[in-house]
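Accompanying notes for the structure given below.
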Amino acid sequence: MGVGGSRVGDRAYFFARAAQLLRVGRALARCPGGGAHAVAIEIAAPVPVVACRRGQSQSGPRASARVTCPGPLSLGRRSGGVAASRNRHPYRIRGDLIMQFTSNELYILLNTRPPGRVLWLSGADLQDAPMSRADLSGADLSRANLRNANLSGADLSYANLNGADMSAADLRGARLEGTAARGAVLHQAKLYEAVLHHADFHEADLSEADLRRADLRGADLSGANLTGARLAHALLSHGNLNLTTLTDADLSDTQLDNATLRGANLSRARLVRANLQGCDLSGADLRGADLQGANLANADLSEVQLADANLEGATLPEEATPC
């Protein structure tokens, strides 16, 4: 039986679970038009995706999706439960194809989609979805529900995650270079050793997130909430942390050289041995912060608040004027 019983015009049913979805993926790879935006897959009706192992059948609700292809797309007719040759009674469509898939099929799609093709999953409900090492580069996941999703080792570079909920998601070792995640929620997300340089996390919620050894060079974290976040040994050189909240955050051994933290709240933050050379801390709140052994050479400390801060062994700028 075809997946979900969807039709395109008067066409018969198309897909039959994961095996045929793989065949569709290969057909999409040959889709005319070329370019990174040749194929779009957009979820039309969010549906919870339940984690399941690859190859395991999955019953229950299915998600509707729209596949857009600028040129004709050939799909072989399914006969007797076995996919026929592409040249035997192929269905040819142009424009939009409506399809449905289970969570297992979605998993396979995310892990086998043609390289260089942009994936639209805006507003999708992908809570708990198993997407480890999936290629989601350039994908539109804005406002998607990715709570507790397994995205470890996934490629999310240049993806759109604006407004997405990634609370407690596993992003260890994931690639998010140039990713847009403005206003995204990553509360308690695991980003250990993730690559996020030049990513945009403006006003994102990264409270209690694990960013140890993450690469955030040149990232925009302005106005973000990193309360209680773990950033030990992270790379934040040349980052924008203006008005960022880092209360009770652990930035031990973090590289913050030439970063801007104007008006940032670092009260009670742990900055032991942190490299803050050339850092703009003007107007920052460092009350009660632990700056033991920190390097603040050439840093701008104008109007900074340092009451009860621990500066033992710290290297201060020659003309420091802390308030």
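Okay, so the sequence shown: first residue is 919 according to the working numbering, each after it adds one. Glycine is no exception: its CB is placed at the ideal position from the N, C-alpha and C atoms.
Short of 8 Å from the beta carbon of Arg1100, and not among the five residues preceding or following it, lie these beta carbons of its own chain, in chain order: Asn1080, Gly1081, Asp1118, Phe1119, His1120, Glu1121, Ala1122. In this structure, the beta-carbon distance from Ala1227 to Leu1204 falls below 9 Å. Rounded to whole angstroms, Leu1184 and Leu1164 show a C-alpha spacing of 5 Å. Leu1129 is a Cβ neighbour of Tyr1110, given a cutoff of 9 Å. The beta-bridge partner set that DSSP reports for Asn1183 consists of Thr1163, Asp1203.
Excluding residues up to 5 positions away in sequence, His1120, Glu1121, Asn1158, Leu1159, Asn1160, Leu1161, Thr1162 lie with their Cβ nearer than 8 Å to the Cβ of Ser1140 in the same chain.
Annotated as distal: Ala1067 and Asp1053, with beta-carbon spacing of 9 Å or more.
With respect to the 9 Å criterion, Leu1174 and Leu1154 are classified as neighbours on the basis of their beta carbons. Going by C-alpha positions, Asp1083 is about 6 Å away from Arg1065. A check of alpha carbon separations from Ser1060 across Ala1102, Leu1114, Ala1232, Leu1189 identifies Ala1102 as the nearest.
Burial is judged here by how many other beta carbons sit within 10 angstroms of a residue's own beta carbon; Ala1225 has fewer than 16 and is exposed.
In terms of CA proximity to Ala1098, Asp1138 leads the group His1151, Asp1138, Arg1188. Between Val1222 and the set His1115, Leu1069, Pro1235, Gly1071, the nearest pair of CA atoms involves Pro1235. Comparing alpha carbon positions, the residue from Asp1208, Leu1169, Asp1168, Gly1136 closest to His1116 is Gly1136.
The C-alpha of Gly1211 lies about 29 Å from the C-alpha of Gly1091. By the beta-carbon neighbour count (other beta carbons within 10 angstroms, threshold 16), Gly1146 is buried. DSSP places Pro1048 in the strand class (E or B) of the three-state scheme. The three-state reading of DSSP puts Asn1078 in strand, counting E and B together. Around the beta carbon of Glu1230, fewer than 16 other beta carbons lie within 10 angstroms, which makes this residue exposed. Between Ala1207 and Ala1187, the beta carbon gap of about 5 Å places them in contact (Cβ cut-off 8 Å). DSSP, reduced to helix, strand and coil, places Arg1131 outside both helices and strands of the structure shown, so it counts as coil. Out of Asp1171, Arg1191, Ala1167, the CA that lies nearest to the CA of Ala1182 is found in Ala1167. Between Gly1201 and Asn1176 the beta-carbon gap is near 18 Å, outside 8 Å, which marks them as no contact. The beta carbon of Arg1131 is closer than 6 Å to those of Glu1111, His1151 in its chain, skipping five residues each way along the sequence. The DSSP-derived three-state label of Leu1153 is strand.
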